[in-house]
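One structure is given below, encoded as structure tokens.
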Amino acid sequence: MSKRRVVVTGLGTINPLSNNVNDSWEKLTNGISGIDNITSFDTGNLPVTFAGEVKDFDANEYMGKQHARKLDRSAHLSIYATEQALLDAGFSTEERMGTNCGIVFGTGIGGIGATEDAVRVYDERGASRINPLAITQLMPNSSTGQVAIKFGIEGPSLTITTACAASANAVGEAKNMIENGIVDIVVAGGTESGTTPMTIGAFAQIRALSTKNDTPKEACSPFDKNRDGFVMAEGSTVLILESEESAKSRNAKIYGYVVGYGSTTDAHHITAPVEGGEGAVRAMDRALKDANLSVDDVDYINAHGTSTPANDRNETSAIKTLFGAKAYEIDISSTKSMTGHLLGGAGAFESMVCILSLQKGVIPPTINLNTKDEECDLNYTPNNAVNKDINIAMSNSFGFGGHNGVLVFSKS
Amino acid sequence: METNEVFEKVKGLFVEDLGIDESKVTMEAKLEEDLEIDSLGIVEVVMAFEDEFDIEIDDEELADVSTVGEAVKLLHSKI
């Protein structure tokens with residue numbers, strides 16, 4: 001029996017570049033960075049003082065203070081992005097989505113801001129003063145539950161916490177739900193809001209972050225010889241996945257197709273990729289096989305490209321191992337150079353980038369790529385977008401824990 | 001403290017701290033139905049009362065409290 005085809009009918013996003021899809025795309029294709037000095041808290045003596053923060057978003061204004069104060073910021077962003085995506089797909093957000101709609105959300109660290117706040121109160125005022133909403137804010141499935149409540153999503157739900165691969169896995173598992181005929185519609189997305197003092201401090205402790213505090217917009221420089229770490233970012237992106245027949249029956253616009261998904265594990269080290277990126281090779285290979293495509297079919301790879309020395313070197317090796325000589329012909333880019341690392345929200349955001357690249361025929365650039373690294377010698381679309389009619393795009397996401405999630409998208 | 005002073009303080013907490021619409025906060029308002037304070041929210045409300053009036057409220061004392069007026073009455077009896 002052939003599998004049902006899965007289409008994308010709606011997109012929504014709130015991220016360091018912008019609070020909507022069209023403006024985010026404009027900025028991505030014009031090479032504009034959303035990274036800047038942190039403004040939401042006093043960075044004090046943190047070794048890193050910049051990040052990709054969401055700007056011009058007031059949750060109290062958006063959903064009312066009585067509702068907003070019950071949720072962690074990661075859930076505010078999730079609801080905001082989901083509302084956009086559902087409206088974009090032609091659904092009314094006044095009606096419940098019902099039992100034929102599922103939800104799969106990814107997050108790396110859930111409501112970490114609420115966790116930090118609750119610990120601070122406990123230390124200062126004791127157990128009897130802990131916010132009674134703390135648990136419901138900090139649990140990683142909080143966004144999944146809150147989005148489901150808000151929009152009446154009554155089908156299956158999953159929360160995936162595979163660190164920086166989380167929302168790539170979310171899109172992949174959502175695709176499987178639809179292919180397998182469990183439901184016709186799935187809200188697939190990711191969220192993260194870990195631009196908080198302890199979390200940035202802790203990532204800095206493991207030397208994962210760029211420390212270019214004087215030049216925040218140039219700090220994230222994937223594949224550049226002088227790259228020195230990733231840049232923390234927050235945001236949420238949601239894709240409405242739907243069976244092709246469901247989308248066609250209601251005359252919904254179709255952005256593109258989710259055709260392949262590969263998930264593997266390094267089983268090697270909790271943070272470092274296996275040298276040569278063998279786990280990533282297997283994930284890309286699985287995703288292509290799932291899509292019934294070969295390496296020759298791939299036009300564009302939206303790389304994981306975090307700007308850490310280890311990721312970019314090993315991802316490059318992995319692409320070369322799987323694609324052989326073809327690796328040098330593929331257009332590759334890391335949009336993290338502009339957004340920073342959305343962690344559990346990255347896979348969904350970069351899925352959106354792939355879908356829009358296919359639809360619009362534009363490959364967004366890797367900005368801040370100025371100094372050649374002999375170990376990173378592929379075509380990473382340096383600094384300027386490229387207009388190119390493409391048919392197949394791949395998105396790579398790799399997470400702490402050794403999780404690899406790869407997605408393949410098709411224009412038709 | 002007079003009952004109406006307690007009410008004004010309670011109203012202030014509901015509006016400023018919990019973000020509840022001022023026009024909804026009357027003596028007759030039901031906490032759950034009218035002010036949308038659920039079982040989690042009531043714990044917050046109690047914490048806010050305890051801090052504001054420097055008192056302690058036992059769970060049993062809440063058994064008969066379902067309106068703003070009943071909350072005001074309880075608080076008035078404890079301060």
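Just so you know, the protein sequences line up as chains V and R, in that order.
Under the numbering used here, residues 1 to 412 are what the first sequence spells out, in order.
Under the numbering used here, residues 1 to 79 are what the second sequence spells out, in order.
Virtual Cβ for every residue (Gly too), placed ideally from N, Cα, C.
Cα-Cα separation, residue i to residue j
i                 : j                 : result
Ile84 of chain R  : Leu31 of chain R  : Any property of residue 84 of chain R remains undetermined from this structure, which presents chain R solely from 1 to 79.
Val408 of chain V : Glu61 of chain R  : 59 Å
Ser33 of chain V  : Ser2 of chain V   : 43 Å
Ile160 of chain V : Gly189 of chain V : 10 Å
Thr49 of chain V  : Asn37 of chain V  : 6 Å
Lys65 of chain V  : Ile390 of chain V : 45 Å
Asp64 of chain R  : Asp58 of chain R  : 12 Å
Ala59 of chain V  : Glu83 of chain V  : 14 Å
Glu8 of chain R   : Thr26 of chain R  : 10 Å
Leu86 of chain V  : Leu343 of chain V : 23 Å
Ala385 of chain V : Ile363 of chain V : 5 Å
Ala118 of chain V : Ala168 of chain V : 30 Å
Arg73 of chain V  : Ala325 of chain V : 45 Å
Asn45 of chain V  : His269 of chain V : 30 Å
Leu75 of chain R  : Asp54 of chain R  : 10 Å
Glu5 of chain R   : Glu218 of chain V : 57 Å
Ala134 of chain V : Gly361 of chain V : 45 Å
Ser249 of chain V : Phe91 of chain V  : 14 Å
Met63 of chain V  : Ser78 of chain V  : 12 Å
Glu28 of chain R  : Ile20 of chain R  : 15 Å
Leu378 of chain V : Val295 of chain V : 15 Å
Thr39 of chain V  : Ala202 of chain V : 19 Å
Val21 of chain V  : Gly69 of chain R  : 48 Å
Ile42 of chain R  : Ala71 of chain R  : 11 Å
Neighbourhood of residue i by C-beta distance below 6 Å, restricted to the same chain and skipping five residues each side
i                 : result
Arg96 of chain V  : Gly152
Val15 of chain R  : Glu22
Arg313 of chain V : Glu375
Tyr80 of chain V  : Ile14
Leu18 of chain R  : none
Asp297 of chain V : Ile392
Val413 of chain V : Lying before the first or after the last residue shown, residue 413 of chain V is absent from chain V, which here runs from 1 to 412.
Gln137 of chain V : Asp72, Gly111, Ala114
Under the three-state DSSP convention, the category residue i falls into
i                 : result
Glu242 of chain V : strand
Gly145 of chain V : helix
Asp23 of chain V  : helix
His304 of chain V : coil
Asp216 of chain V : A small correction: the amino acid at residue 216 of chain V is Pro; Asp does not occupy that position in the sequence shown. Pro216 of chain V: helix per DSSP, three-state reduction.
Glu278 of chain V : helix
Thr29 of chain V  : helix
His268 of chain V : coil
Lys30 of chain R  : strand
Ser210 of chain V : coil
Pro16 of chain V  : coil
Tyr328 of chain V : helix
Asp297 of chain V : helix
Met97 of chain V  : coil
Phe409 of chain V : strand
Ser249 of chain V : helix
Ala51 of chain V  : strand
Ser92 of chain V  : coil
Asp36 of chain V  : strand
Close-in-space but distant-in-sequence residues of the same chain around residue i (CB under 8 Å, 5 per side omitted)
i                 : result
Tyr380 of chain V : Pro222, Phe223, Ala303, Gly305, Ile332, Ser333, Ser334, Thr366, Leu369
Asp299 of chain V : Ile330, Asp331, Lys388, Ile390, Asn391, Ile392, Ala393
Met284 of chain V : Gly262, Ala318, Ile319, Leu322, Met394, Asn396, Val406
Ala170 of chain V : Val104, Phe105, Gly106, Leu158, Ile160, Ala188, Gly189, Gly190, Gly347, Ala348
Ala310 of chain V : Ala272, Pro273
Nearest to residue i (by Cα), restricted to the options the options
i                 : options                                : result
Ile182 of chain V : V:Gly405, V:Ala272, V:Ser246, V:Gln146 : V:Ser246
Gly106 of chain V : V:Ser142, V:Leu87, V:Lys336, V:Gly126  : V:Ser142
Ala114 of chain V : V:Pro364, V:Leu158, V:Glu94, V:Glu192  : V:Glu192
Thr308 of chain V : V:Lys70, V:Ala165, V:Val7, V:Val231    : V:Val231
Val281 of chain V : V:Glu315, V:Glu26, V:Ile14, V:Trp25    : V:Glu315
Phe41 of chain V  : V:Gly235, V:Gly402, V:Arg69, V:Ile200  : V:Ile200
Val121 of chain V : R:Gly41, R:Met47, R:Ile42, R:Val6      : R:Met47
Thr67 of chain R  : R:Val45, R:Glu2, R:Glu5, R:Ile79       : R:Val45
Asn226 of chain V : V:Thr211, V:Thr371, V:Val186           : V:Thr371
Asp290 of chain V : V:Ser412, V:Glu154, V:Asn30, V:Gly172  : V:Gly172
Thr144 of chain V : V:Gly102, V:Met352, V:Thr162, V:Arg129 : V:Gly102
7 Å Cβ shell around residue i - same chain, five flanking residues per side excluded
i                 : result
Leu293 of chain V : Gly260, Ile392, Val408
Ala166 of chain V : Gly106, Thr107, Gly108, Ile160, Gly190, Gly344, Gly347, Gly399
Glu179 of chain V : Lys3, Arg4, Val6
Ile79 of chain R  : Met1, Phe53, Ile55
Beta-carbon neighbours of residue i, restricted to chain C and to distances below 7 Å
i                 : result
Arg129 of chain V : Of the protein chains in the structure, V and R, none is chain C.
Point to revise | chain V contacts from the stretch 42-63 of chain R (Cβ-Cβ distance under 7 Å) | key: Val43, Glu44, Met47
Practice item. Note down, in chain order, all residues in the stretch 55-70 of chain V with a beta-carbon under 9 Å from any beta-carbon belonging to chain R. Key: Asn60, Gly64, Lys65, Gln66, His67, Ala68, Arg69, Lys70
Check your understanding: Between the stretch 10-28 of chain R and chain V, which residues of the former have a C-beta closer than 7 Å to a C-beta of the latter?
Key -> Leu18, Gly19, Ile20
Review point. Which residues, in order along the stretch 132-148 of chain V, keep a beta-carbon less than 8 Å from a beta-carbon of chain R?
Key: Pro132, Leu133, Thr136
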